[in-house]
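Peer 1: So the protein sequences, as listed, match chains E and F. According to my numbering, the first sequence is numbered sequentially starting from 1355. According to my numbering, the second sequence is numbered sequentially starting from 1355. Ideal Cβ positions, reconstructed from N, Cα and C, are used throughout, including at glycine.
2 protein chains.
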Amino acid sequence: MSVSIREIARLAGVSRGTVDRALNNRPGINPQIKQQILRIADEVGYRSNRAGRMLGLRKKPLTLGVQMPADGNDFFLDVSEGLEEAAAEFADAGLSLRIETMKGYSVERQLAQLNSLLASGVNGLAFVPIDQPPIRSFMQKLARQDIPVITLNSDIADAPRLCYVGNDYTASGRTAGGLLGLLAGDRPLETLIITGSVQVLGHNQRIRGFSQVVREHYPHIHILDIQENQDDDQLSEQLVADALRRWPRLNALYLTAGGVAGACRAVRRAADRRLKIVSFDQTRATEPLLQEGLITASISQEPRQQGYQAIRLLFDYLLDGSQPPERVIMPNHILIREHLSHRPDSGNRG
Amino acid sequence: MSVSIREIARLAGVSRGTVDRALNNRPGINPQIKQQILRIADEVGYRSNRAGRMLGLRKKPLTLGVQMPADGNDFFLDVSEGLEEAAAEFADAGLSLRIETMKGYSVERQLAQLNSLLASGVNGLAFVPIDQPPIRSFMQKLARQDIPVITLNSDIADAPRLCYVGNDYTASGRTAGGLLGLLAGDRPLETLIITGSVQVLGHNQRIRGFSQVVREHYPHIHILDIQENQDDDQLSEQLVADALRRWPRLNALYLTAGGVAGACRAVRRAADRRLKIVSFDQTRATEPLLQEGLITASISQEPRQQGYQAIRLLFDYLLDGSQPPERVIMPNHILIREHLSHRPDSGNRG
DNA sequence: CTGAAAGCGCTTACAG
DNA sequence: CTGAAAGCGCTTACAG
């Protein structure tokens, strides 16, 4: 229970309106007085009351824009749940969401959707940025317009943003490596890495983290090859089928991205071969495969929390000016058949 | 943005005070009018505004009492962090916490501390109940006084409570079993189970869940024996040392509770033997052992979230009357060396 | 540049 | 049993 704006006004001998102007960097205030008020606020340890603020702000409703490559990508179903959870929690305070989704990664499409959100008057944005110069310069523009931006699930270098909310791909690759190491026991493992695309930073980081751990601790894990499936199930199935033929001793698969179902189809057909398979995330595609034991383990990254936190942090920033940490990193979790049912839950996990 | 109490008052042709009385079950209102107001509120889908409520309540500060066997038990350090996080979040609304801790499980001590909290005038309680009749009747008394209670980390049967916040011990035992199954590969595993006490329900459930999975899926995991270490490191070390001597083929340890460090000391001394060790939680004791690879994996249960949610749910109930689910179950996570650094974070994960 | 007033949605005494 | 008023901490027009 901290002091109120009224108390500070009394101490400074000014009106509450003036204190409000000083504290919230509003225009039209004598700089001297402003300094004095800020000093007093600091001395008494003023912290604005969230509830008061929410009520006061109620006339000017806030809208946040979200853009993500969610079409045909089940991973984002969970992200969306988190977005909606936060939206519901702050609906009281006048918050609403506007969500645009696209299929795959098109810079033009992303720009078009972001511009449309901007035109509709959103007060802040969360999106999954494509790592390309046009997106970067768009973000420069947003910064000049004082629109706070959170990069979601995937980050972009050298572009201004409030913060990044997502997982640490290198760390999740390390977890995958450590896990496969444990699964190997002391037997040699001949591993094929299937990645989505060597153009995608996150996929590469998952390979790097994996390789680091294998090199440090598990020399008997041997990497046969790294192949790209473009997140495509058909291609994935083909690649794995070929690999099974080509390397008779192939006994482990590390899948950094999509196309998991396809890869598993090929493995299932080779009924006589038993492979350890490590993948990422818990989706409609991976879940039954984990359930049946074909995928040995999958590494998840709290998609729901990613959505929830992105909205919460933007909202808090707009409400309070509170600065989030530069990177809000979700822990990654190892999923095996026995605890599948427990999907990460809200809890405002906070 | 739902309708306000003012709007309902207008629709019902009464004052806001009367609407407040109807909606919050306050005494002194004509039952007919009350029914009518409730009907209208229902029709328009009234949901009270949290911020408004927090402000309105600000004169009457809320205090919640917490009681737990935290002394000398590192697990509860993380729970406490969660408690404090929630306390900080709702300090605005006048919430404060009163925390009592004890060492071990004494019914008398627990009752004494709960009574002291009650005498100090707490509005709600969260505690780790000992599963004994005197605690049960104490909870009956609390219910009659309309003090909401949340059982934390451990539940108690046949006693009234608002809800249970904690993990599902059987489920975490299943996860342990599934994990050890994967670690075994296709080799036989001669496993010793060391449990805290056969008197503790949670420990037994961890054994049951483990055994279920082993029976269903991993017949080559053989359970040599189940022994009690009373969560004591000395005794634990002794037991494991003896077991290593007695069973030359012992190659796996499943530790359901405390005394992990002691067990590991005995294993480390037997430098020629390599055991798979599965334990629970990430504490000061287990962390370095996971780090060095002596413990293969540990299963954690989001202690911080447990603390956070217990307070949040009590607070919401007192604020809103919002009923939490009967059991709020934390997911359990498999921890291995490679993702130790990522301890579960607030995020109001929720 | 500054203050006084009205209002956000709710609760709590206080009259009647 | 019911209503009118004051107040929680803040913001936003509106005067000056």
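(1) Does residue 1469(F) have its Cβ less than 8 angstroms from a Cβ in chain E?
(2) For chain E, check one thing: does any of its Cβ atoms lie closer than 8 angstroms to the Cβ of residue 1525(F)?
(3) Pick helix, strand or coil for residue 1364(F), following the three-state DSSP scheme.
(4) For residue 1548(F) and residue 1582(F), what's the separation of their Cα atoms in angstroms?
(5) Among residues of its own chain, excluding the 5 on either side of residue 1321(E), which ones have a beta-carbon nearer than 6 angstroms to its beta-carbon?
(6) For the ligand MG, any of its heavy atoms closer than 7 angstroms to the Cβ of residue 1531(F)?
(7) Is the shortest distance between the beta-carbon of residue 1685(E) and the beta-carbons of chain F less than 8 angstroms?
(8) How is residue 1515(F) classed by DSSP in three states: helix, strand or coil?
(9) Note down, in chain order, each residue of its chain lying with its Cβ closer than 6 angstroms to the Cβ of residue 1490(F), except the 5 sequence neighbours on either side.
(10) Taking Cβ positions, are residue 1392(E) and residue 1418(E) nearer each other than 8 angstroms?
(11) What in chain E is Cβ-close to residue 1438(F), meaning under 7 angstroms?
(12) Could you tell me the alpha carbon to alpha carbon distance between residue 1656(F) and residue 1684(F), rounded to whole angstroms?
(13) What does the alpha-carbon distance come out to for the pair residue 1399(E) and residue 1446(E)?
(14) Give the C-beta separation of residue 1613(F) and residue 1589(F) to the nearest angstrom, bearing in mind that I take them to be a contact with Cβ-Cβ under 8 angstroms.
(15) Residue 1558(F): buried (16+ other C-beta within 10 angstroms of its C-beta) or exposed?
(16) Measure the C-alpha to C-alpha separation of residue 1636(E) and residue 1688(E) and round it to an integer number of angstroms.
(17) What does residue 1404(E) touch in chain F if you count any residue whose Cβ is under 9 angstroms from its own?
(18) Taking any Cβ of chain F, which residues in the region 1373–1400 of chain E have a Cβ under 7 angstroms from it, in chain order?
(19) Using a threshold of 8 angstroms, state whether the C-beta atoms of residue 1610(E) and residue 1575(E) are closer than that.
(20) Along the region 1661–1691 of chain F, what residues have a CB closer than 9 angstroms to any CB found in chain E?
(21) From residue 1426(E) to residue 1508(F), what does the alpha carbon distance come to, in whole angstroms?
(22) Quick check on residue 1475(F) - is its C-beta less than 8 angstroms from some C-beta in chain E?
(23) Contact between the region 1520–1530 of chain E and the region 1587–1604 of chain E: three or more CB pairs below 8 angstroms?
(24) Within a Cβ cutoff of 7 angstroms, which residues of the same chain sit near residue 1483(F), ignoring the five residues on either side of it in sequence?
(25) Taking only three categories from DSSP, how would you classify residue 1692(F)?
(26) Quick check on this structure: which residue in 1478(E), 1457(E), 1401(E) has the alpha carbon closest to the alpha carbon of residue 1416(E)?
(27) According to DSSP, residue 1454(F) sits in a beta bridge with which residue or residues?
(28) How is the beta strand (DSSP E) around residue 1682(E) delimited, first residue to last?
(29) Nearest to residue 1516(F) by alpha carbon, out of 1664(F), 1431(F), 1599(F), 1631(F)?
(30) Any beta carbon of chain F sitting closer than 8 angstroms to that of residue 1543(E)?
(31) For residue 1642(E), which option in 1692(E), 1682(E), 1606(E) has the closest C-alpha, if you only look at C-alpha atoms?
(32) If contacts are defined as beta-carbon pairs under 8 angstroms, then residue 1632(F) and residue 1538(F) qualify, I think. What distance do you get, rounded to the angstrom?
(33) Could you list the residues in the region 1482–1507 of chain E with a C-beta less than 8 angstroms from some C-beta on chain F, going in chain order?
(34) With 16 as the cutoff for other CB atoms within 10 Å, does residue 1676(E) come out buried or exposed?
(35) Using a Cβ-Cβ distance under 8 angstroms, would residue 1693(F) count as near chain E?
(36) Where does residue 1432(E) fall in DSSP's three states?
Peer 2: Taking the geometry as given:
(1) no
(2) yes
(3) helix
(4) 6 angstroms
(5) Since the first residue shown for chain E is 1355 and the last is 1704, residue 1321(E) is missing from the structure and cannot be characterised.
(6) Judged by which ligands are present, the structure shown has none, so any question about the ligand MG falls away.
(7) yes
(8) coil
(9) 1513
(10) no
(11) Under the 7 angstroms cutoff, chain E gives no residues; its nearest Cβ is about 12 angstroms from residue 1438(F).
(12) 6 angstroms
(13) 28 angstroms
(14) 7 angstroms
(15) buried
(16) 10 angstroms
(17) 1405, 1408, 1443, 1446, 1447
(18) none
(19) no
(20) 1662, 1663, 1666, 1682, 1683, 1684, 1685, 1686, 1687, 1688, 1689, 1690, 1691
(21) 41 angstroms
(22) no
(23) no
(24) 1489, 1505, 1508, 1510
(25) helix
(26) 1478(E)
(27) 1421(F)
(28) 1681–1684
(29) 1664(F)
(30) no
(31) 1692(E)
(32) With 8 angstroms as the limit, residue 1632(F) and residue 1538(F) do not qualify as a contact, their Cβ atoms being about 11 angstroms apart.
(33) none
(34) exposed
(35) yes
(36) helix
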